[in-house]
Each structure stands twice: as structure tokens, then as C-alpha cells.
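Engineer:
Residue numbers (the numbering used here): 311 to 416.
#1: Can you name the start and end residues of the beta strand (DSSP E) that residue 381 belongs to?
#2: For residue 349, which residues does DSSP report across the bridge?
#3: Are there 16 or more other CB atoms within 10 angstroms of the CB of residue 393, so buried, or fewer, so exposed?
#4: Kindly list the residues whose CB is nearer than 7 Å to the CB of residue 365, restricted to its own chain and excluding five residues on each side of it in sequence; keep chain order.
#5: Opposite residue 395 in the DSSP bridges: which residues?
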């Protein structure tokens with residue numbers, strides 16, 4: 311198993327590590343939900359609801375959002391240039407040490 315560490319910035323500013331496997335085809339949303347984070351993921355990961363909105367705080371290069379993800383992000387009131395839907399971020403070894411903030415102010 312190839313695990314990476316994802317860090318979630320808490321409201322206090324502290325960063326909590328989350329171990330995430332990269333060999334199972336999981337999305338960031340799936341790992342965050344399994345780790346107990348309160349992500350609604352109403353649409354089940356189909357990029358239809360934006361309830362898994364995150365802000366990427368680290369300098370990692372992620373693939374660009376799909377058109378569907380872009381449309382959902384455009385509908386959010388607190389979107390930033392680093393906003394993503396965690397259901398659309400597939401975990402890869404390159405994302406080791408990724409830092410995200412949940413909700414990003416929604």
C-alpha cells in the first residue's frame with residue numbers, strides 16, 4: 311500500500327494529518343469522510359452539489375477542474391482560485407503533503 315499524508319487545516323490554524331492510500335482509486339472526499347470530517351457529499355461524488363468544497367492551501371499542482379466541477383465552483387459564494395471539489399481530486403503519490411481547508415468559507 312502506498313500511503314500519503316494529507317493535512318487538513320482546522321479553524322484554529324492547526325494542521326491535522328490524514329493518512330491516505332493512493333493505490334485504491336479513492337477521491338480526497340472519500341478519505342476525508344472516512345476520517346470523520348463533516349463533508350455532506352450529497353451527490354455521492356458526482357460534482358453535482360459542491361458540498362465537498364475545499365480550498366487547496368499548499369503549492370501542489372492539481373489537474374484542472376472539469377467543466378462540471380467548474381460550473382459547480384462558479385455557483386459558490388466563497389470560491390477562490392484554489393477552490394476544488396474534493397470528490398474530483400483523485401489521490402496520487404504527487405499529492406503527498408497536500409494541505410486543504412474544508413468548506414473554504416461557504
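Backbone N, C-alpha and C define an ideal beta-carbon position, used for all residues, glycine too. Everything numeric in this text was worked out from a predicted model, so none of it was measured.
Structural biologist: With the structure as the only source:
#1: Premise fails: residue 381 lies in the alpha helix (DSSP H), 377-384, not in any beta strand (DSSP E).
#2: Looking at the DSSP output, residue 349 bridges to nothing.
#3: Its Cβ being crowded by 16 or more others within 10 Å, residue 393 is buried.
#4: Only residues of its own chain outside the window of five on either side were considered, and among them 390, 392, 393, 410, 411 and 414 have a CB closer than 7 Å to the CB of residue 365, listed in chain order.
#5: Beta-bridge pairing links residue 395 to 363.
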